[in-house]
Amino acid sequence: MSAAGTSVNTTSPLGLALDLAGTFAFALNGALTAVRVARLDIVGVVTLGMITALGGGIVRDVLLGALPPSTFLDWRYLLTAAGGGLIAFALNRQLDRLAISITVFDALGLALFAVTGAAKALDLGLGGGQAVLLGAVTAVGGGTIRDVLVRRVPTVLQSELYAIPALAGATVVVVAAALDLPGLLGALLGAGLCLLIRLVGVGLRIDAPRPPGGPEHDRER
Amino acid sequence: MSAAGTSVNTTSPLGLALDLAGTFAFALNGALTAVRVARLDIVGVVTLGMITALGGGIVRDVLLGALPPSTFLDWRYLLTAAGGGLIAFALNRQLDRLAISITVFDALGLALFAVTGAAKALDLGLGGGQAVLLGAVTAVGGGTIRDVLVRRVPTVLQSELYAIPALAGATVVVVAAALDLPGLLGALLGAGLCLLIRLVGVGLRIDAPRPPGGPEHDRER
Amino acid sequence: MSAAGTSVNTTSPLGLALDLAGTFAFALNGALTAVRVARLDIVGVVTLGMITALGGGIVRDVLLGALPPSTFLDWRYLLTAAGGGLIAFALNRQLDRLAISITVFDALGLALFAVTGAAKALDLGLGGGQAVLLGAVTAVGGGTIRDVLVRRVPTVLQSELYAIPALAGATVVVVAAALDLPGLLGALLGAGLCLLIRLVGVGLRIDAPRPPGGPEHDRER
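Protein chains in written order, with the numbering used here: chain A, 2 to 222; chain X, 2 to 222; chain Z, 2 to 222.
(1) Pick from Leu79(A), Ala39(A), Ala112(A): whose alpha carbon is nearest that of tyrosine 163(A)?
(2) Mind listing the chain X neighbours of proline 70(Z)? Cutoff is C-beta to C-beta under 8 Å, in chain order.
(3) Do the CB positions of glycine 126(Z) and alanine 140(Z) come within less than 8 Å of each other?
(4) Tell me whether arginine 40(Z) sits in a helix, a strand or coil according to DSSP, three-state version.
(5) Based on Cα-Cα distance, which residue from Gly142(A), Phe114(A), Ile52(A) lies nearest to glycine 16(A)?
(6) Can you list, in chain order, the residues of the region 149 to 170 of chain A whose Cβ is nearer than 7 Å to any Cβ on chain X?
(7) Work out the CA separation of leucine 55(X) and valine 60(A) for me, nearest whole Å.
(8) Compute the beta-carbon to beta-carbon distance between valine 133(X) and alanine 192(X), rounded to the nearest angstrom, for a pair I have assumed lies under 8 Å.
(9) Indicate whether valine 38(A) and valine 151(A) have their beta-carbon atoms separated by less than 8 Å.
(10) Just to confirm, is the Cβ distance from glycine 110(Z) to alanine 26(Z) under 8 Å?
(11) What residues in its chain sit with their C-beta under 6 Å from that of threonine 81(Z), if we drop five residues either side in the sequence?
(12) Run through chain X and tell me which residues come within less than 7 Å of glycine 130(A), C-beta to C-beta.
(13) If the criterion is Cβ atoms closer than 8 Å, does the pair leucine 79(A) and arginine 147(A) meet it?
(14) Could you give the uninterrupted runs of the alpha helix (DSSP H) lying entirely in the region 164 to 211 of chain Z, keeping only those of 4 residues or more?
(15) Given this structure, state the Cα-to-Cα distance separating proline 69(A) from phenylalanine 106(A), to the nearest angstrom.
(16) Helix, strand or coil: which one does DSSP assign to phenylalanine 128(A)?
(17) With distances taken Cα to Cα, identify the nearest neighbour of glutamine 159(X) among Ser71(X), Val203(X), Gly45(X), Asp75(X).
(18) Tell me which residue opens and which closes the alpha helix (DSSP H) that glycine 23(X) is part of.
(19) Counting only beta-carbon separations shorter than 8 Å, does leucine 49(A) have a partner in chain X?
(20) What does leucine 123(X) reach in chain Z if we use C-beta pairs closer than 7 Å?
(21) Whole angstroms are fine: how far does the CA of proline 166(X) sit from the CA of leucine 87(Z)?
(22) Run down chain Z in chain order and give the residues with a C-beta less than 9 Å from the C-beta of leucine 134(X).
(23) Ignore the nearest five residues each way along the sequence and tell me which others in valine 116(Z)'s own chain have a CB closer than 6 Å to its CB.
(24) If you draw a straight line from the C-alpha of serine 13(Z) to the C-alpha of arginine 77(X), how long is it?
(25) Could you spell out where the alpha helix (DSSP H) holding threonine 81(Z) opens and where it closes?
(26) Just how far apart, CA to CA, sit leucine 135(A) and aspartate 97(Z)?
(27) What do you get for valine 201(Z), buried or exposed, if any count of 16 or more other CB atoms within 10 angstroms of its CB means buried?
(28) Quick one: does the C-beta of alanine 122(X) sit closer than 7 Å to a heavy atom of the ligand SAH?
(29) Using a Cβ cut-off of 8 Å (strictly closer), state whether leucine 127(A) contacts chain X.
(30) Whole angstroms is fine: what's the gap from phenylalanine 90(Z)'s alpha carbon to alanine 108(Z)'s?
(31) Count the other CB atoms within 10 Å of the CB of leucine 205(Z); is the residue buried (16 or more) or exposed (fewer)?
(32) Going along the chain, which residues of its own chain have a beta-carbon closer than 6 Å to the beta-carbon of threonine 104(A), five neighbours each way excluded?
(33) How many angstroms separate the CA atom of glycine 85(A) from the CA atom of glutamine 95(X)?
(34) Using beta carbons (cut-off 8 Å, strictly below), is leucine 41(A) in contact with chain Z?
(35) For chain A, check one thing: does any of its Cβ atoms lie closer than 8 Å to the Cβ of alanine 35(X)?
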C-alpha cells in the first residue's frame, strides 16, 4: 500500500501546484464568507480567508506530527492564502455576479485538499485507510473552522454531501497508488470525482437519509 | 510517582477495553445529540458521533506529542466510533425511551476517558499532577468539541458538575499508581468515583457557587 | 535572523516573567468574560479563565511541535492561570468599577504573548517571518478559543484592531533580534507598541476599511 515515488506528494511540483490551488480556492471562499455572512472588515476578511485556506493543512500536519506545519515554513502558502483573501475583498462585487462562486470555491478546495491530504499521509508512511481518513480531515478541516468562527453549524454536519465526496476523492488516490498508477492520474481522478459528487449534491440538493423517528423537538438543552 | 507496570495503559487488554468502552459511550452520546439537538442526517449523525468519541483522545495525543494519534493507527477505535454512531442513528427511538440515556452515555465516556487519559500520561512519563490534568482534558475534550460544533456553550463551562468529577477520577488513578495498587483497581475506583459524582450532580442539580455580585446584564458585546 | 542569546526566551527569568504576566492578564480577562457575558458558576469561570490564559501558549507549542506544551510541564503557568481565574471570580464587583478592565486585561495579554510567542519561535530556530506570524497566533489564540466557547464571533475577526497590533509587536521583537539589540529592549518596545495600537484602536473605535459594495443581506445560509 506504500506509494513512494508514485503518489502526488506536496513537495513535487505537481503536488505543490494542487495544494496551492486548493489553498487559493479556500482563501477566496473564506474571504467571501466573511464579507457576505459575517460582514467583517478587511482584516477580518483576510484573516478568515487565511484560516479557511490554511486550517485544513494545519490540522493535517498536526495529526501527522509533521511540525511546524508546512504553512509556517513555506511562504508560498501564506502568500497564496493572503492573496486570495485580498482578491476576494477587492473583487467581491464582481465575484458576486457568479452567484454560486462561494460554493464552487469551497468544492474546489475540498477536492484538491482531499487528494493532497491523502497523498501526504501515504508519503509519510501511513496505511491506506488512515490516508483516506486524513485526506477527508484535511479537506473538511478549514471549512469547519471557518463555520465555527462565524457561528454556523459546520457544513460537514449539515445535509448536503460533503464528507462523502472527500472520502471518495481520497480513496481514489490511495487505490491509484496501490495500483502503481501515475500520481498525476490518481490525483486528477480523485479530485474530479470529489468535485463531481459535491457539485451534483449541491445542484440536486441530494441529502443523505434522516434518522427513523426523526427529530421532533429539542428535548435536550 | 512513575507508575510503569501498575497503571492501566491503553496498550494493555484492560486499558484498551476501557478506552474502547469510553469511545463507544461517547459515540452513542454524540450521535444522539446530532439526532435530537441538531437534527442532522445520517452522515452528520455518524460524523458528530465519531468526533465526540475520538475528539478527547486526539486532543490527549496531540498534547502528549504522541502523533499520529492512536485513532489514526488503530482501526478498532474508528470502527467502535463509527459503529456507535450507526447504532444510535438506527435505534434512536428505542434509546429515547430511556429518557436520560444521552446524559448517562456522556457520564460513562467522561469517567472512562478520565481514567485512561491519566493512565496514558503516566505511561508516557508525565508527573502525577500533569496526568490528572491530562485525564480531565481527555474526558471533557470530545464533548466540548461536540458542543462547539452544534453551537452550545460547552457543558464543561455550564453549571452541573463536569470538570470536577473528571479531575477526581483522574486523581484516583494517579494516587493508586503512586501507592502501587493494581492498575485495574485504580481504574475502576477512579471511573466509579467520577461516574458517581457526575450522576449525583445531574440528579440533584447540584451547582457550584456563583460569583459574588452575580451577573446582571450583558455589559460586554 | 537567528537570535540566540539576545531574544527574550521563555526560559530566561525575564521571558518567564513576561509570559506569566500575560497568562495572568488573560486569566483575569477570561474569567471576567465568564462572569459577565456567559454567567457561569465558579468552575466555569475558572475553567474559562484558564483556557483563555493557556490557550494561546498551547496553540503555539502545538504548532512548534514543542510537546507536551510547557503548560503541562510547568506548574507556574497552571497556578498563575488558576489564581487569576479565582481572583477575578472573587473580586469581580471591585474590578467592575474599572469599567474597561476586561478590555485592558485582554490588550495586556495580547501584547505580552505577541512578544513571548515571537521570541520562542526565534529560539526554536524559525525564520523571522514565521516568528512574527507565530507571535500573532499566540497572542490571539487564547481569546479566540474563549470567544468560540461563549459563542461570540472572535475579536480577531471583528472590527477593532486586534491582529494588526499583535503582528506589529511580534515584528518589533524580530527586528530587535536581527539588530542584536538586548532582548529586554525588544520585548518592551514590542509589547508597548502592541498595547498602544490596541488601546488607541479601542478608544477611538478606529476600524479597518470595509469591502467595496459592502455586505447587504445574508445571502448565504
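Each residue gets a CB set at the ideal place from its N, CA and C atoms; glycine is no exception. Note that the coordinates shown come from a computational prediction; the quantities given were computed from them, not determined experimentally.
Looking at the atomic coordinates:
(1) Indexing the first sequence from 1 puts residue 163(A) at position 162. It is Ala112(A).
(2) Taking the first residue of the third sequence as 1, we reach residue 70(Z) at position 69. In chain order: Leu64.
(3) Stepping through the third sequence from its first residue, residue 126(Z) is reached at position 125. Stepping through the third sequence from its first residue, residue 140(Z) is reached at position 139. Not a contact, by the Cβ cut-off of 8 Å.
(4) Sequence index remark: in the third sequence, residue 40(Z) carries index 39 (1-based). In the structure shown, arginine 40(Z) sits in coil (DSSP, three-state: anything other than H, G, I, E or B).
(5) The sequence position of residue 16(A) within the first sequence is 15, counting from 1. Among Gly142(A), Phe114(A), Ile52(A), the Cα nearest to that of glycine 16(A) is on Phe114(A).
(6) Val149, Arg152, Val154, Pro155, Val157, Leu158, Gln159, Ser160, Ala164, Ile165
(7) In the first sequence, counting from the first residue as 1, residue 60(A) sits at position 59. In the second sequence, counting from the first residue as 1, residue 55(X) sits at position 54. In a straight line, the C-alpha of valine 60(A) is about 15 Å away from that of leucine 55(X).
(8) Position 132 of the second sequence, counting from 1, holds the residue named residue 133(X). Position 191 of the second sequence, counting from 1, holds the residue named residue 192(X). The pair is not a contact, with the Cβ atoms about 14 Å apart (cut-off 8 Å).
(9) If you number the first sequence from 1, residue 38(A) lands on position 37. If you number the first sequence from 1, residue 151(A) lands on position 150. Closer than 8 Å, so yes.
(10) The sequence position of residue 110(Z) within the third sequence is 109, counting from 1. The sequence position of residue 26(Z) within the third sequence is 25, counting from 1. Closer than 8 Å, so yes.
(11) Taking the third sequence and counting its residues from 1, the one referred to as residue 81(Z) is at position 80. Here the set comprises Leu21, Thr24, Phe25.
(12) Reading the first sequence from its first residue, position 129 is the one you call residue 130(A). Neighbours of glycine 130(A) on chain X, chain order: Trp76.
(13) Here the question's residue 79(A) lines up with position 78 in the first sequence. Here the question's residue 147(A) lines up with position 146 in the first sequence. In this structure, arginine 147(A) does not lie closer than 8 Å to leucine 79(A) by Cβ.
(14) 164 to 179, 184 to 205
(15) In the first sequence, the residue the question calls residue 69(A) occupies position 68. In the first sequence, the residue the question calls residue 106(A) occupies position 105. Between proline 69(A) and phenylalanine 106(A), the C-alpha separation is close to 27 Å.
(16) Locating residue 128(A) in the first sequence gives position 127, counting from the first residue. In the sequence under discussion, the amino acid at residue 128(A) is glycine, which differs from the phenylalanine named in the question. Correct three-state label for glycine 128(A): coil.
(17) Sequence index remark: in the second sequence, residue 159(X) carries index 158 (1-based). For the residues Ser71(X), Val203(X), Gly45(X), Asp75(X), the minimum Cα distance to glutamine 159(X) belongs to Val203(X).
(18) In the second sequence, counting from the first residue as 1, residue 23(X) sits at position 22. Note, glycine 23(X): alpha helix (DSSP H), 14 to 34.
(19) Counting from one through the first sequence, the residue named residue 49(A) turns up at place 48. For leucine 49(A), the answer is no, since every Cβ of chain X falls outside 8 Å of its Cβ.
(20) The residue labelled residue 123(X) in the question sits at position 122 within the second sequence. Near leucine 123(X) there are no residues of chain Z at all, since even the closest Cβ is about 13 Å away, more than 7 Å.
(21) Translated into positions along the third sequence, residue 87(Z) becomes position 86. Translated into positions along the second sequence, residue 166(X) becomes position 165. Going by the C-alpha atoms only, they are around 19 Å apart.
(22) For the purposes of this step, residue 134(X) is taken as the residue at position 133 of the second sequence. In chain order: Thr72, Phe73, Leu79.
(23) In the third sequence, the residue the question calls residue 116(Z) occupies position 115. Correct list, in chain order: Gly170, Val174, Ala188, Gly191, Ala192.
(24) Numbered from its first residue, the third sequence carries residue 13(Z) at position 12. Numbered from its first residue, the second sequence carries residue 77(X) at position 76. Going by the C-alpha atoms only, they are around 45 Å apart.
(25) Residue mapping note: residue 81(Z) aligns to position 80 of the third sequence, counting from 1. Where threonine 81(Z) is concerned, the enclosing alpha helix (DSSP H) stretches over 76 to 91.
(26) Within the first sequence, numbered from 1, the residue matching residue 135(A) stands at position 134. Within the third sequence, numbered from 1, the residue matching residue 97(Z) stands at position 96. Near 47 Å, if we compare the C-alpha coordinates of aspartate 97(Z) and leucine 135(A).
(27) The residue given as residue 201(Z) occupies position 200 in the third sequence. By the 10 Å Cβ count, valine 201(Z) comes out exposed.
(28) No copy of the ligand SAH appears in this structure; indeed no ligand is present at all.
(29) Start at 1 with the first residue of the first sequence, and residue 127(A) comes out as number 126. So yes, leucine 127(A) belongs to the interface.
(30) Position 89 of the third sequence holds residue 90(Z). Position 107 of the third sequence holds residue 108(Z). Answer to the nearest angstrom: the Cα atoms are 20 Å apart.
(31) The residue given as residue 205(Z) occupies position 204 in the third sequence. Burial call: exposed.
(32) Here residue 104(A) refers to the residue found at position 103 when the first sequence is read from its first residue. These residues qualify, in order along the chain: Val203.
(33) Numbered from its first residue, the first sequence carries residue 85(A) at position 84. Numbered from its first residue, the second sequence carries residue 95(X) at position 94. Going by the C-alpha atoms only, they are around 49 Å apart.
(34) On the first sequence, position 40 is the one that residue 41(A) refers to. Judged by the 8 Å Cβ criterion, leucine 41(A) is in contact with chain Z.
(35) Here residue 35(X) is taken as the residue at index 34 of the second sequence, counted from 1. Alanine 35(X) counts as touching chain A.
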